[in-house]
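Asker: Letter 347 of the sequence shown, counting from 1, is numbered 330 in my numbering, and no numbers are missing.
Idealized CB from N, CA, C, for every residue including glycine.
Predicted, not measured: the structure shown is a model, and the values here were computed from it.
Take a look at this one; I'll ask things after.
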Amino acid sequence: MNDTEKNNHPLVQMGISDEVVRAFDWMGFENLTAIQQKCIPLMMEGNDIIAIAPTGTGKTLGFGIPMLEYINLDDPSVQEIVLAPTRELAQQIADELTHLAHFIKGVKIAVIYGGQPFAKQMNALSRKPQLLVATPGRLLDHMQRGNIRLSGVHTMVLDEADEMLKMGFIQDVEKVIESADPNRQLVMFSATTNQDVLTVSWKYQHDPIEIVVQAEAENKPNITQYIIESDQKQKYEHLLYLLDTDQYKRVMIFCNTKDMTARLCERLKKAGYSAECLHGDVRQSQRDKVMAGFRKGQFEILVATDVAARGIDVDDVEAVFNYDLPDKQEFYIHRIGRTGRAKRAGVSFSFVSFRDSIRMDEILKYIHSTPISLAFDEFGTLCYKEDGRPFLEDT
-16 MNDTEKNNHP LVQMGISDEV VRAFDWMGFE NLTAIQQKCI PLMMEGNDII AIAPTGTGKT
44 LGFGIPMLEY INLDDPSVQE IVLAPTRELA QQIADELTHL AHFIKGVKIA VIYGGQPFAK
104 QMNALSRKPQ LLVATPGRLL DHMQRGNIRL SGVHTMVLDE ADEMLKMGFI QDVEKVIESA
164 DPNRQLVMFS ATTNQDVLTV SWKYQHDPIE IVVQAEAENK PNITQYIIES DQKQKYEHLL
224 YLLDTDQYKR VMIFCNTKDM TARLCERLKK AGYSAECLHG DVRQSQRDKV MAGFRKGQFE
284 ILVATDVAAR GIDVDDVEAV FNYDLPDKQE FYIHRIGRTG RAKRAGVSFS FVSFRDSIRM
344 DEILKYIHST PISLAFDEFG TLCYKEDGRP FLEDT
């Protein structure tokens, strides 16, 4: 990078350190997203923030860059904390922040969450991390054991605050916030504003600035949505029809129950497909192994319950299949948001039976969009319902 390019770099113009600018470029980013453009300077000024932004808009760098700028490398205490609702999201955030801190000598980042051995976490904490990523329950557990003190915390970020509070963590979150200095900076990121988010903001933030990034234009994932008429007995064969087209090499398939997830994954494996599954009964060590394998491309199909719908950031998922329609409308958005990331195009397919049609109508009202309807004709060819054209002619 020559002097002119350096001076025109958006992070340089914000006064960000050379080490973080180098890491930003090294990670392959060229421009700031809307949430990053708005959030970074406001955080650097010390403001409390409540940010409403859709998934996949670059939130982690939006709060991670200022947090790394704040760290005093000579201070061994925990200075920056990120709270996340799930272990998967906590690990993802820690991984991304570790990459962002690649060129900063002496910075230490640790991640702690439920399901991970205490001995491993105690070893990480003994290294005196300045930045800690955690799920609320496990962080509170360590605090109560005297393993972590938050008196030196400068900035606290609640990521996916709406989901975290909806999952029943509100008391744990409040205890964590109240254990830190009341003058610390508190930043909340949320896909929606619900009463719990507003209550936490009212109780603990100081004159917060609200940032809203709409899911439009460059921030809206490029996802083409399809609905396929398919009853319960036909879904599996219809799924195989699409998998066998070889159009989609990296896919996620969502089911509503642990049992269906495990059975579908086993069925696919027996049929010769490269697949693994994630659900609530999978041990944390196995979850980590499965996710690492999926990121590395060791297998093509990940079958999952909604435990994996949030907090999994794999940029090159080509298609998402709703084998079962989700129980909650917002889960539909979280699921299909696993594709169409990092400015790539993605597709989603939802198998809808006559019995599911009312549920699908509720989802469509919620998402304010109209997917393309597909159906199999009498010859077993997938066609557009509108005009009967074969679907695969366009793919």
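Count the other CB atoms, across all protein chains shown, that sit within 10 Å of the CB of F314; report buried if there are 16 or more and exposed otherwise.
Answerer: Taking the first residue of the sequence shown as 1, we reach residue 314 at position 331. F314 is buried by the Cβ-count criterion.
Asker: Can you give me the C-alpha to C-alpha distance between I319 and L114, rounded to a whole angstrom?
Answerer: The residue you call residue 319 lines up with position 336 of the sequence shown. The residue you call residue 114 lines up with position 131 of the sequence shown. The straight-line gap from Cα to Cα measures roughly 31 Å.
Asker: Sorry if obvious, but does the Cβ on R318 come closer than 8 Å to a heavy atom of the ligand FAD?
Answerer: Of the ligands one can find in the structure shown there are none, so the ligand FAD has no counterpart to examine.
Asker: According to DSSP, is L308 part of a helix, a strand, or is it coil?
Answerer: In the sequence shown, residue 308 corresponds to position 325, counting from 1. Here L308 sits in coil by DSSP.
Asker: In terms of residues, what are the limits of the beta strand (DSSP E) holding S173?
Answerer: The sequence position of residue 173 within the sequence shown is 190, counting from 1. First-last of the beta strand (DSSP E) with S173: Q168 to S173.
Asker: To the nearest angstrom, report how far apart M50 and D142 are at their CA atoms.
Answerer: Along the sequence shown, one-based indexing puts residue 50 at 67. Along the sequence shown, one-based indexing puts residue 142 at 159. Using only the alpha carbons, I get a separation of about 14 Å.
Asker: Could you tell me whether the region 88 to 103 touches the region 204 to 223, where touching means 3 or more Cβ pairs closer than 8 Å?
Answerer: no
Asker: Cα-Cα, which of G47, T81 and Y53 is closest to V65?
Answerer: Here residue 65 is taken as the residue at index 82 of the sequence shown, counted from 1. For V65, the nearest C-alpha among the options comes from G47.
Asker: If you draw a straight line from the alpha carbon of D264 to that of L(-6), how long is it in whole angstroms?
Answerer: Here residue 264 corresponds to residue number 281 of the sequence shown, with the count starting at 1. Here residue -6 corresponds to residue number 11 of the sequence shown, with the count starting at 1. Near 43 Å, if we compare the C-alpha coordinates of L(-6) and D264.
Asker: Which stretch, first to last residue, makes up the beta strand (DSSP E) that contains L365?
Answerer: Against the sequence shown, residue 365 aligns to sequence position 382. It spans L365 to Y367 - the beta strand (DSSP E) in which L365 sits, taken as one unbroken run.
Asker: Rounded to whole angstroms, what's the CA-CA distance from N130 to N106? Just pull it up for me.
Answerer: Position 147 of the sequence shown holds residue 130. Position 123 of the sequence shown holds residue 106. Each residue's Cα considered, the two are about 11 Å apart.
Asker: Can you name, in chain order, every residue of its own chain whose Cβ lies under 6 Å from the Cβ of A6, other than the five neighbours on each side?
Answerer: Here residue 6 refers to the residue found at position 23 of the sequence shown. These residues qualify, in order along the chain: L83, H85 and F86.
Asker: Note the first and the last residue of the continuous alpha helix (DSSP H) segment covering A6.
Answerer: By 1-based counting over the sequence shown, the position of residue 6 is 23. DSSP places A6 in the uninterrupted alpha helix (DSSP H) bounded by D1 to W9.
Asker: I'd like the ranges of any alpha helix (DSSP H) spanning at least 4 consecutive residues and lying wholly in the region 129 to 168.
Answerer: 144 to 147 and 153 to 162
Asker: Is it the case that the Cβ atoms of V408 and L44 are separated by a distance below 9 Å?
Answerer: Outside the modelled stretch of the chain, which goes from -16 to 378, sits residue 408, for which no answer is possible.
Asker: How big is the Cα-Cα spacing for Y256 and A328?
Answerer: As a position in the sequence shown, residue 256 is number 273, starting the count at 1. As a position in the sequence shown, residue 328 is number 345, starting the count at 1. Near 24 Å, if we compare the C-alpha coordinates of A328 and Y256.
Asker: Where are the beta strand (DSSP E) runs, 3 residues long or more, that stay fully inside the region 88 to 117, in chain order?
Answerer: For the beta strand (DSSP E) assignment, the uninterrupted runs of no fewer than 3 residues enclosed by the region 88 to 117 are, from N- to C-terminal side, 92 to 95 and 114 to 117.
Asker: CB-CB under 8 Å to E259, same chain, minus the five flanking residues each way: which ones, in chain order?
Answerer: Taking the first residue of the sequence shown as position 1, residue 259 is located at position 276. For E259, where only same-chain residues beyond five positions count, the Cβ hits under 8 Å are C248, V273, G276, F277, F282, I284, L285 and V286.
Asker: Is the beta carbon of Q215 sitting closer than 9 Å to the one on S336?
Answerer: Within the sequence shown, residue 215 is the residue found at index 232, counting from 1. Within the sequence shown, residue 336 is the residue found at index 353, counting from 1. Closer than 9 Å, so yes.
Asker: Since I believe G29 is in contact with Q168 (beta carbons under 8 Å), could you give me their beta-carbon distance rounded to a whole number of angstroms?
Answerer: In the sequence shown, counting from the first residue as 1, residue 168 sits at position 185. In the sequence shown, counting from the first residue as 1, residue 29 sits at position 46. Contact between Q168 and G29 holds, with the beta-carbon distance rounding to 6 Å and staying under 8 Å.
Asker: Does DSSP put S352 in a helix, a strand or coil?
Answerer: Here residue 352 corresponds to residue number 369 of the sequence shown, with the count starting at 1. Residue state, collapsed to three classes: coil.
Asker: Going along the chain, which residues of its own chain have a beta-carbon closer than 7 Å to the beta-carbon of I23, five neighbours each way excluded?
Answerer: Counting from 1 along the sequence shown, the entry for residue 23 is found at position 40. Excluding residues within five positions, the ones whose Cβ falls inside 7 Å are M(-3), G45, I48 and P49.
Asker: Among the candidates V170, L133, K186 and G135, whose CA atom is the shortest distance from the CA of Q154?
Answerer: For the purposes of this step, residue 154 is taken as residue 171 along the sequence shown, with counting starting at 1. Of the candidates V170, L133, K186 and G135, the one whose C-alpha sits nearest the C-alpha of Q154 is K186.
Asker: Taking C-beta to C-beta, are S184 and M126 nearer than 9 Å?
Answerer: Start at 1 with the first residue of the sequence shown, and residue 184 comes out as number 201. Start at 1 with the first residue of the sequence shown, and residue 126 comes out as number 143. No; because the gap between Cβ atoms is not below 9 Å, this pair is not in contact.
Asker: I316 bridges to which residues according to DSSP?
Answerer: By 1-based counting over the sequence shown, the position of residue 316 is 333. DSSP output for I316 lists no bridge partner at all.
Asker: Ends of the alpha helix (DSSP H) at T40?
Answerer: Taking the sequence shown and counting its residues from 1, one reaches residue 40 at position 57. Looking at the DSSP string, T40 is not in any alpha helix (DSSP H), and its letter there is neither H nor E.
Asker: Taking a contact to mean a Cβ-Cβ separation below 9 Å, would you say Y209 touches L357 in this structure?
Answerer: The sequence position of residue 209 within the sequence shown is 226, counting from 1. The sequence position of residue 357 within the sequence shown is 374, counting from 1. Result yes, Cβ atoms of Y209 and L357 sit closer than 9 Å.
Asker: Could you give the residue range of the beta strand (DSSP E) that holds Q208?
Answerer: Sequence index remark: in the sequence shown, residue 208 carries index 225 (1-based). Here the beta strand (DSSP E) through Q208 covers N205 to E212.
Asker: Quick one: what's L357 bridged to in DSSP?
Answerer: Counted from its first residue, the sequence shown places residue 357 at position 374. I211 and Y367.
Asker: For V180, count neighbouring C-beta atoms within 10 Å of its own C-beta (all shown protein chains included) and say buried if the count is 16 or more, exposed if not.
Answerer: One-based indexing of the sequence shown puts residue 180 at position 197. With 16 or more other Cβ atoms within 10 Å, it is buried.
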